[in-house]
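A.B. asks: Numbering (the UniProt record's numbering), first residue to last: 1 to 316.
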Amino acid sequence: MKNVTIKQLRAFVAVAELGRFRLATEHIGVTQSAISVLIKELESQLGVMLFDRHTRMVGLTYAGEIFLPLARRAIEQVDNAINTMDDIASLRTGKVTIAAAIVLASSLLPDVIARFKKEHPLVKVSLLDLPENRIRDLVADGSVDIGVATSRPIEEKVREHHLFYDRFAVFFAKGHPFESGTQVRWIDMEGQDLVGFPPDSPIQKMVDRVLGENEISVNRLFAVNFSSTMLSLVDRGLGVCIAPENSHSLSASTLTEVRPLVEPQLDREVVTLTLRERTPSTPVRSFLDMLIASAAKQYPKVSKPALTVATARSAG
C-alpha cells in the first residue's frame, strides 16, 4: 500500500503550479531542500517521475499532468474534512437530537433549547416528544443523541445522568372530594376511577407497584400514551390520574387540581440517557452540560427522597 502524505501532495501541487522549487518553498513555508525531499519521496511511493527538471524551471511529465488534478482533489477533500471537524468542534455546525416524554419536552427542554440555539444558531436541534416507553430504545439503537426519561436499573448500552427528582401526585377535576385537603394518601385512592398510562409505561409500572403492595383497588377506565390526553380526560370528570407532579405544567388550559400523594411519598428520578459506547459530539456534550445545569437551577433539591422509583422496584 502506498504511503503518500498530505504534505507531499501539497509540495507537489505548489511546485507544479509555480514552476520553481524556490517559489514553492515560499508558498508552503518549508526549505528548498525539504521540498525536494518531499517530491522525491512522493515519486518513490508512486513509482513514476512527476517532474522534468531543468536549470531554471521544472515541468510536469505525462504522469505528473495526470496526477495534478487528482492531487488537487485529494487536498481539497482533506481540507474540507478538517474544516468540517473544526466547525463541529467550535459549534459552527452539527446536530443534536433529543427524545423526551411530553411533560419534559414541554416544560424543561424548551428554555434550554432556546438558550442553546441563541448561543449556537448554526447547530440543528431536533426534539421528539414520545411515550416514555419508546425513549430508551431510540437511545440504545443510536436514533437519538439524548433521551430524557425516568431512571431505571443500569443497562449495558445506556448511560444515565441525574437531573432531578419529581414526586407523584393525584390530578382531579374541580369539585372532587380531594379538593378539600392539601394532600392525598395512597389509601384514599381506593375505589377511584383511574385514568392511567399503558401497563408497559415506566410511570404506570411504578404506580401499579405501590397500589398492589398496599392492596388498593381502583377502577381502570382509560390507558393513554400522553399526559396531555390524560389530563383532558380528568378535566372532563372522567376519573383521576396519578402522575409526576411536573405534569401540572400541562394543566394550565384545564381546570384540574393537583395534590401530592403521601404515605408513602413516591418520587421518580429524571435522568438524561446517552449511548454508553458512543462519545458525545461537541454539540451534544455542550447541550448536555446546559441541560444538566438548567435542571440543577430549576430543581435545586438534591437529597434522596423517601421512596424513589428504584427503591420501590426493589421493595418487597
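Just so it is clear, CB atoms sit at the ideal spot from N, CA and C, and this is done for glycine as well.
When you compare only the Cα positions, how much space is there between T229 and S151?
C.D. replies: Locating residue 229 in the sequence shown gives position 229, where the first residue counts as 1. Locating residue 151 in the sequence shown gives position 151, where the first residue counts as 1. Cα to Cα, the separation comes out at about 23 Å.
A.B. asks: Do the CB positions of V170 and V184 come within less than 9 Å of each other?
C.D. replies: Your numbering for residue 170 matches position 170 in the sequence shown. Your numbering for residue 184 matches position 184 in the sequence shown. For V170 and V184, yes; Cβs fall inside 9 Å.
A.B. asks: Roughly how many angstroms lie between the CA atoms of R167 and L288, to the nearest whole one?
C.D. replies: Here residue 167 refers to the residue found at position 167 of the sequence shown. Here residue 288 refers to the residue found at position 288 of the sequence shown. So the two alpha carbons sit approximately 23 Å from each other.
A.B. asks: So does the region 212-230 actually touch the region 149-163, counting three or more Cβ pairs closer than 8 Å?
C.D. replies: In short, these stretches do not touch, since the Cβ pair count stays below three.
A.B. asks: Per the contact definition of three or more C-beta pairs closer than 8 Å, is the region 96-115 in contact with the region 40-53?
C.D. replies: Short answer: they don't touch.
A.B. asks: Apply the 10 Å Cβ neighbour rule to V78 and answer buried if 16 or more other Cβ atoms are within range, or exposed otherwise.
C.D. replies: Counting from 1 along the sequence shown, the entry for residue 78 is found at position 78. With fewer than 16 Cβ atoms within 10 Å of its Cβ, V78 is classed as exposed.
A.B. asks: So, is Y62 buried or exposed, given that buried needs 16 or more other C-beta atoms within 10 angstroms?
C.D. replies: Here residue 62 refers to the residue found at position 62 when the sequence shown is read from its first residue. Counting Cβ neighbours within 10 Å, Y62 comes out exposed, since fewer than 16 surround it.
A.B. asks: How many whole angstroms separate the CB atoms of I98 and D137, which I take to be in contact at a CB cut-off of 8 Å?
C.D. replies: Start at 1 with the first residue of the sequence shown, and residue 98 comes out as number 98. Start at 1 with the first residue of the sequence shown, and residue 137 comes out as number 137. Contact doesn't hold; Cβ gap of about 15 Å is too wide.
A.B. asks: Going by DSSP, name the residue or residues bridged to F51.
C.D. replies: By one-based count along the sequence shown, residue 51 stands at place 51. The partner list for F51 (beta bridge, DSSP) reads L60.
A.B. asks: Just to confirm my understanding: we take E277, look at its own chain, exclude 5 residues before and 5 after, and list those with CB closer than 8 Å. What are they?
C.D. replies: By 1-based counting over the sequence shown, the position of residue 277 is 277. Closer than 8 Å at Cβ, skipping near neighbours: K157.
A.B. asks: Look at the alpha carbon of F178 and the alpha carbon of T274, and state the distance between them as a whole number of angstroms.
C.D. replies: By one-based count along the sequence shown, residue 178 stands at place 178. By one-based count along the sequence shown, residue 274 stands at place 274. Rounded to whole angstroms, F178 to T274 spans 40 Å at the Cα level.
A.B. asks: Alpha carbon to alpha carbon, how far is E155 from K117? Give it in angstroms, no decimals.
C.D. replies: Residue numbering aside, residue 117 sits at position 117 when the sequence shown is read from its first letter. Residue numbering aside, residue 155 sits at position 155 when the sequence shown is read from its first letter. Rounded to whole angstroms, K117 to E155 spans 31 Å at the Cα level.
A.B. asks: Less than 9 Å between the beta carbons of D193 and N219, yes or no?
C.D. replies: One-based indexing of the sequence shown puts residue 193 at position 193. One-based indexing of the sequence shown puts residue 219 at position 219. For D193 and N219, yes; Cβs fall inside 9 Å.
A.B. asks: On the DSSP letters alone, give me the boundaries of the alpha helix (DSSP H) that K117 sits inside.
C.D. replies: As a first step, residue 117 must be located in the sequence shown, where it is residue number 117. Element bounds for K117: 109-119.
A.B. asks: Which residue's Cα is closest to the Cα of T182: D129, E257, L238?
C.D. replies: Counting from 1 along the sequence shown, the entry for residue 182 is found at position 182. Answer by Cα proximity: E257.
A.B. asks: Could you tell me if H120 is buried or exposed, where buried requires 16 or more neighbouring beta carbons within 10 angstroms of its beta carbon?
C.D. replies: As a first step, residue 120 must be located in the sequence shown, where it is residue number 120. Flag for H120 reads buried.
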